[in-house]
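A.B. asks:
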């Protein structure tokens, strides 16, 4: 919340590094880096930002070139800069799962991943799991079992379920519950979600990791 | 979030060179599950983030003759799924599985679990780690049902948030901390500290150091972790106990009982250790050991119930360990 | 006049069957665009600066640093110097900027000086509220004093449920654009037809000046009807920023702090009864708070309204905390909790099965037959008689199981609604109305009613909602939508069909009274062989499109809808008495919904209502800090909601027996969310042998109650 107490409310970032802190061991790099406010610290590992820097993301198999501040999260990059709005911003603190995407085959909370940190990784969003006009088996099962109401948590649930089913074959409701313990719904759609994920698991048999 | 500079080293040497001498100069970015939220809440605004996920030497879990070596950037999920861990250290696997969000297990790292900041809601609301604006503890006088029941005599009333710390301490793990001037080894039970002044941290790590590896000796213990957690879905434990028992036949020759989420640091319950030595583990003995573990508890106005929860955790962890493979 | 009444039960093709929601694929594929998903060309982002203090006077507001920031296009101070802030989170200023990051930075760069004042943010302890508690005066029925004297058994207890927040997953907010004299608004709202007028009024513009669009809304639960400060200021910022669209959405902490709460309710309740369980006397001293405005009394005694002798007192406590908004079944969860927990305690004191006590006292409810039937049906589904044990009589070992029940009621009559049905010469059918689908399945229900009426498959009907250019339809609150839109759609569609029959009757050589629309055809009643396909029939319209309206007049629904339902919910829990942790085993919900429109989405509503009950019973509560005056759990980590592993088995039965079906359509969103909270808390008492007075049943409360029992 913007009313969080913070004595540094209006302070802008500034170069406050103790030079001494960086001299030991790594040596001092050459000139001032283009975008950095800080002293350059290591030739082999230049720092980017804090101003916007070029960022390249591979999303759903497509390369996207953006210019973003390092503080922009993957979720905000998707939603505000690429109009990929399937992932939702709900808690924005890595708790509710509405922003779930798959990164290098693993489900993550995109609200808590920096876009700059997602470079070089395979990013899969809900927009990329089925061709236009088609539904992924998980999405289809969610429709069939009415595993959604307002639907705002649903894309996150679908991605969490897909990520889970890509790696596991649940045998029971208990398995599904363990696999989806990182997502929350407010309307209370879990009864449908449990059934949908079990059904999608049957559908996806043989197609795992596809 | 305040703007910051992002660095992406590929070696430990580069990484430590990017750290600062003060906490607000640079922060290590591993899984980010805690750090990014702290920064969004303006509770912590470091001027540089040093990403360590692209440092190969920090990853992986392997065993050698010294024991199990866990890279600081190994994920919680790797730990939860590792057959090596499950075979030798069920307590550690159980603690890892207690993180019930697959997303957090995939993102969060072992090092990050140990270095994460407390969840105290006053701290997260910007009132400082000790939550004592003007020298008056908001915790003591306020909403403290999730706060410390042990080790809370000083200004720190929060609880350590680490899920893995108790197990690692009980198992006698050693942590390697690297800075640009060299490395040092710290026993897991010395890694956690209770700060007495605002601005100091609850771990022994210095701002210019990087936690690189956790070494767990193959101790041949029976070990287990039990978490008391309200929700099945992602939720913080209310109390945890991790135990490691060296057995001689059916008798406990030595025990380490460590509590989590009940004190500003994982709490070594040495009274329980002493009580258990030389005894055969029965339910009655486990119950008495649990009482001994909590004998020094000093609950705050709203959290006496946690004494009971911690006792249950100790008892159940001991009984689980007794049934567990050595 | 055309015949509007619903087709006979048993002759409906679509209504009452299990139909997947029409927008399900769009939502489950992430393609559905919610307002918060909109990225309009040149769109600006707004951030809000809020007060950290619960009660304070604003001394000064300095926006100079913020104004000077590159990318900032406008700043509006809404709580200027001299403003008295009455709760933390009160909006101080709104900033518009080229990016979200700049907007946030600028909001934080605004320097505000406050003069803090004393605050009160907690109400559990009425005595501590002092002058902030206002008594509402005593209400007496019969002779409660004598009745308590005459009672064989008197049970007395304390009960309370805390303030909850709505926690809509899509936070409150909107995109709006004020260019020239035209305002376009894309809100996240439950009130498509009404919110534009509310914004106009606040901006002192003609009511017709705001065009509202919304395709999907990510939850409302009663909190999203008005334009709100962020709507008003976001729109003004658009004007100030050269007419560019401005997006304002609250962050989660602000959402949980100021975007609405369910008021609390606490009370000391006394119930008197005869030895056989007949309740004769009720006494309640209650208090509640829904923020600065205090909190009204829940309707007590709940459902058992005509207990012959009653004494009721209520106090409203004014707090310096974010204010109440309608919260799914306003005041009913509170009333149900206070009443049904007190009656369960009475049953325990009588050593009677509460099921029998509820049955016995059904006569003091407004619908004795309904509740008796539902209690029996629910008991069968729960296997109640086999599982139930006397309170606390739950065997050895630390894990105790228990059963609990509650009954509830709700109105749910349809709101005023207007619909247009269009039938085109090419055979296409469109329904337009200024309604919204909160996820209850409104879109699908409209299509079902229209398709049923026209004898067409569901996909032959196109439903257009979410725009205030369509005929006005009520806001979606109080479970009024399904009745409203079903009736207006039915009437508009019957009227349109009537016009179509006018057009085809001559060519079929039959009077239109002998024609019907069945199976995609217009055919002679009783002679299906004489027919025209739907397409061929519509072609008879030539160039003319039929466009007919239908109106639901809540005062004159013509038997198509009505109000007033009963429901019964039961819970089975297991309690770990060593840790105080309660787990759901099974829930049963039996619900009266009148004429059922869509079985699938109706069940979903009830599942959802039950799960909200689980949250409220076991884990959900707003936690205030009296020292700082702030919400301590304005996040989704400690503002705890049940996850998928926390809900147990849920069994739903919808009453479709003829006596229910004949009543017409009635809403069910609210009633589904009432009873289970109390039922779960009763089940905990049954399991552990002692009442846990205040919900939610968290470990510390359960263990404290057990300690009292053992003392």
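Protein chains in written order, with our numbering: chain A, 1 to 210; chain B, 1001 to 1326; chain C, 2001 to 2711.
From the three backbone atoms N, C-alpha and C, an ideal C-beta is built for every residue, glycine too.
(1) Which term fits residue 1199 of chain B, buried or exposed, when burial requires 16 or more other beta carbons within 10 angstroms of its beta carbon?
(2) Among residues of its own chain, excluding the 5 on either side of residue 2005 of chain C, which ones have a beta-carbon nearer than 8 Å to its beta-carbon?
(3) According to DSSP, simplified to helix, strand and coil, what is residue 2709 of chain C?
(4) What separation, rounded to the nearest whole angstrom, lies between the Cα atoms of residue 2689 of chain C and residue 68 of chain A?
(5) At a CB-CB cut-off below 7 Å, which residues of chain A make contact with residue 2114 of chain C?
(6) Indicate whether at least one CB of chain B lies closer than 8 Å to the CB of residue 2619 of chain C.
(7) Can you give me the Cβ contacts of residue 2163 of chain C inside the same chain, cut-off strictly under 6 Å, excluding the 5 residues immediately before and after it?
(8) Going along the chain, which residues of its own chain have a beta-carbon closer than 7 Å to the beta-carbon of residue 1946 of chain C, five neighbours each way excluded?
(9) With a threshold of 8 Å on Cβ separation, who are the neighbours of residue 2343 of chain C within its own chain once the five nearest residues in sequence on each side are excluded?
(10) Would you give the residue range spanned by the alpha helix (DSSP H) that residue 191 of chain A belongs to?
(11) Flag this pair as touching only if the segment 2062–2073 of chain C and the segment 2607–2618 of chain C have three or more C-beta atom pairs under 8 Å; answer yes or no.
(12) Closest by CA to residue 1028 of chain B, which one among B/1053, B/1042, B/1229?
(13) Going by beta-carbon coordinates alone, are residue 2675 of chain C and residue 2406 of chain C separated by less than 8 Å?
(14) Residues in its own chain within less than 7 Å of residue 155 of chain A by CB, not counting five upstream and five downstream?
(15) Give me the Cβ distance between residue 2234 of chain C and residue 2188 of chain C, rounded to the nearest whole Å; I'm assuming they're in contact under 8 Å.
(16) Compare the Cα-Cα distances from residue 2129 of chain C to each of C/2288, C/2374, C/2049, C/2710 and report the closest residue.
(17) Roughly how many whole angstroms lie between the Cα atoms of residue 2224 of chain C and residue 2310 of chain C?
(18) Candidates B/1266, B/1035, B/1154, B/1078: which alpha carbon is nearest residue 1060 of chain B's?
(19) Which partner residues of residue 2694 of chain C appear in the DSSP bridge assignment?
(20) Distance check for residue 82 of chain A and residue 2024 of chain C, CA to CA, integer angstroms please.
(21) In terms of alpha-carbon separation, which member of C/2116, C/2205, C/2019, C/2275 lies closest to residue 2153 of chain C?
(22) Buried or exposed for residue 2001 of chain C, going by 16 or more other Cβ atoms inside 10 Å?
(23) Please identify the residue among C/2316, C/2648, C/2478 whose C-alpha is closest to the C-alpha of residue 2124 of chain C.
(24) Are there 16 or more other CB atoms within 10 angstroms of the CB of residue 38 of chain A, so buried, or fewer, so exposed?
(25) Could you pull out every residue in the same chain whose Cβ sits closer than 7 Å to the Cβ of residue 1318 of chain B, ignoring the five residues on either side in sequence?
(26) Can you tell which of C/2003, C/2020, C/2012, C/2011 has the C-alpha that lies nearest to the C-alpha of residue 2444 of chain C?
(27) Just to confirm, is the Cβ distance from residue 2467 of chain C to residue 2678 of chain C under 8 Å?
(28) So, residue 2417 of chain C versus residue 2461 of chain C, is the Cβ gap smaller than 8 Å?
(29) Can you name the start and end residues of the alpha helix (DSSP H) that residue 2337 of chain C belongs to?
(30) Out of C/2029, C/2016, C/2660, state which residue places its alpha-carbon closest to the alpha-carbon of residue 2371 of chain C.
(31) DSSP state of residue 2223 of chain C, grouped into three classes?
(32) Could you name the residues of chain B that residue 2638 of chain C contacts, counting a contact when the two beta carbons are closer than 7 Å?
(33) Are the Cβ atoms of residue 173 of chain A and residue 128 of chain A separated by less than 8 Å?
(34) Please report whether the beta-carbon of residue 34 of chain A lies at a distance below 8 Å from any beta-carbon of chain B.
(35) Nearest CA to the CA of residue 2336 of chain C: which residue from C/2495, C/2159, C/2598?
(36) For residue 1124 of chain B, count the other beta carbons within 10 Å of its own beta carbon; 16 or more makes it buried, fewer makes it exposed. Which is it?
C.D. replies: Concretely, from the data shown:
(1) The residue you call residue 1199 of chain B lines up with position 199 of the second chain. It is exposed - the Cβ of residue 1199 of chain B has fewer than 16 other Cβ atoms within 10 Å.
(2) Position 5 of the third chain holds residue 2005 of chain C. Result list for residue 2005 of chain C: 2558, 2559, 2560, in chain order.
(3) Position 709 of the third chain, counting from 1, holds the residue named residue 2709 of chain C. In the structure shown, residue 2709 of chain C sits in a helix (DSSP, three-state: H, G or I).
(4) Here residue 2689 of chain C corresponds to residue number 689 of the third chain, with the count starting at 1. Here residue 68 of chain A corresponds to residue number 68 of the first chain, with the count starting at 1. Cα to Cα, the separation comes out at about 60 Å.
(5) Numbered from 1 along the third chain, position 114 holds the residue referred to as residue 2114 of chain C. The contacting residues do not exist; residue 2114 of chain C stays about 11 Å from chain A at best.
(6) As a working mapping, residue 2619 of chain C is identified with position 619 in the third chain. Output row for residue 2619 of chain C: interface = yes.
(7) Position 163 of the third chain, counted from the first residue, corresponds to residue 2163 of chain C. Cβ neighbours of residue 2163 of chain C beyond the five flanking positions: 2261, 2264, 2622.
(8) What the structure shows of chain C is the stretch from 2001 to 2711, and residue 1946 of chain C is not part of that stretch, so it cannot be assessed.
(9) For the purposes of this step, residue 2343 of chain C is taken as the residue at position 343 of the third chain. Cβ within range, chain order: 2271, 2279, 2304, 2354, 2357, 2358, 2361.
(10) Taking the first chain and counting its residues from 1, one reaches residue 191 of chain A at position 191. First-last of the alpha helix (DSSP H) with residue 191 of chain A: 190–204.
(11) no
(12) Against the second chain, residue 1028 of chain B aligns to sequence position 28. Among B/1053, B/1042, B/1229, the Cα nearest to that of residue 1028 of chain B belongs to B/1053.
(13) Mapped onto the third chain, residue 2675 of chain C falls at position 675. Mapped onto the third chain, residue 2406 of chain C falls at position 406. For residue 2675 of chain C and residue 2406 of chain C, yes; Cβs fall inside 8 Å.
(14) In the first chain, counting from the first residue as 1, residue 155 of chain A sits at position 155. The residues are 86, 87, 88, 126.
(15) In the third chain, counting from the first residue as 1, residue 2234 of chain C sits at position 234. In the third chain, counting from the first residue as 1, residue 2188 of chain C sits at position 188. Contact flag wrong, Cβ pair sits at about 12 Å.
(16) Within the third chain, numbered from 1, the residue matching residue 2129 of chain C stands at position 129. It is C/2288 whose Cα lies nearest to the Cα of residue 2129 of chain C.
(17) The sequence position of residue 2224 of chain C within the third chain is 224, counting from 1. The sequence position of residue 2310 of chain C within the third chain is 310, counting from 1. Near 36 Å, if we compare the C-alpha coordinates of residue 2310 of chain C and residue 2224 of chain C.
(18) The residue given as residue 1060 of chain B occupies position 60 in the second chain. Of the listed residues, the one whose Cα sits closest to residue 1060 of chain B is B/1078.
(19) As a working mapping, residue 2694 of chain C is identified with position 694 in the third chain. Paired residues: C/2160.
(20) The residue labelled residue 2024 of chain C in the question sits at position 24 within the third chain. The residue labelled residue 82 of chain A in the question sits at position 82 within the first chain. About 24 Å.
(21) One-based indexing of the third chain puts residue 2153 of chain C at position 153. Taking only the C-alpha atoms, the option nearest residue 2153 of chain C is C/2275.
(22) Here residue 2001 of chain C is taken as the residue at index 1 of the third chain, counted from 1. Its Cβ having fewer than 16 others within 10 Å, residue 2001 of chain C is exposed.
(23) Taking the first residue of the third chain as 1, we reach residue 2124 of chain C at position 124. When only C-alpha atoms are compared, the closest one is C/2316.
(24) Position 38 of the first chain, counted from the start, is the residue given in the question as residue 38 of chain A. Here residue 38 of chain A scores only 44 on pLDDT, less than 50, and its place in the model should not be relied on; the value that follows carries that caveat. Per the 10 Å Cβ criterion, buried.
(25) As a first step, residue 1318 of chain B must be located in the second chain, where it is residue number 318. 1243, 1281, 1286, 1289.
(26) By one-based count along the third chain, residue 2444 of chain C stands at place 444. The residue with the shortest Cα to Cα distance from residue 2444 of chain C is C/2020.
(27) Indexing the third chain from 1 puts residue 2467 of chain C at position 467. Indexing the third chain from 1 puts residue 2678 of chain C at position 678. No. Outside cutoff.
(28) For the purposes of this step, residue 2417 of chain C is taken as the residue at position 417 of the third chain. For the purposes of this step, residue 2461 of chain C is taken as the residue at position 461 of the third chain. No. Outside cutoff.
(29) Taking the first residue of the third chain as 1, we reach residue 2337 of chain C at position 337. Note, residue 2337 of chain C: alpha helix (DSSP H), 2332–2349.
(30) Residue mapping note: residue 2371 of chain C aligns to position 371 of the third chain, counting from 1. It is C/2660.
(31) Along the third chain, read from residue 1 onward, the residue named residue 2223 of chain C stands at position 223. Coil at residue 2223 of chain C, not helix or strand.
(32) As a first step, residue 2638 of chain C is located in the third chain; it is residue number 638 there, counting from the start. By Cβ distance, chain B contributes 1121.
(33) On the first chain, position 173 is the one that residue 173 of chain A refers to. On the first chain, position 128 is the one that residue 128 of chain A refers to. For residue 173 of chain A and residue 128 of chain A, no; Cβs fall outside 8 Å.
(34) What you label residue 34 of chain A is simply residue 34 of the first chain in a count that begins at 1. Bear in mind that the predicted position of residue 34 of chain A carries a pLDDT of just 37, short of 50, making it too unreliable to give a figure here.
(35) To locate residue 2336 of chain C, count along the third chain from 1; it is residue 336. It is C/2159 whose Cα lies nearest to the Cα of residue 2336 of chain C.
(36) Walking along the second chain from the start, residue 1124 of chain B turns up at place 124. Buried, by the Cβ-count rule.
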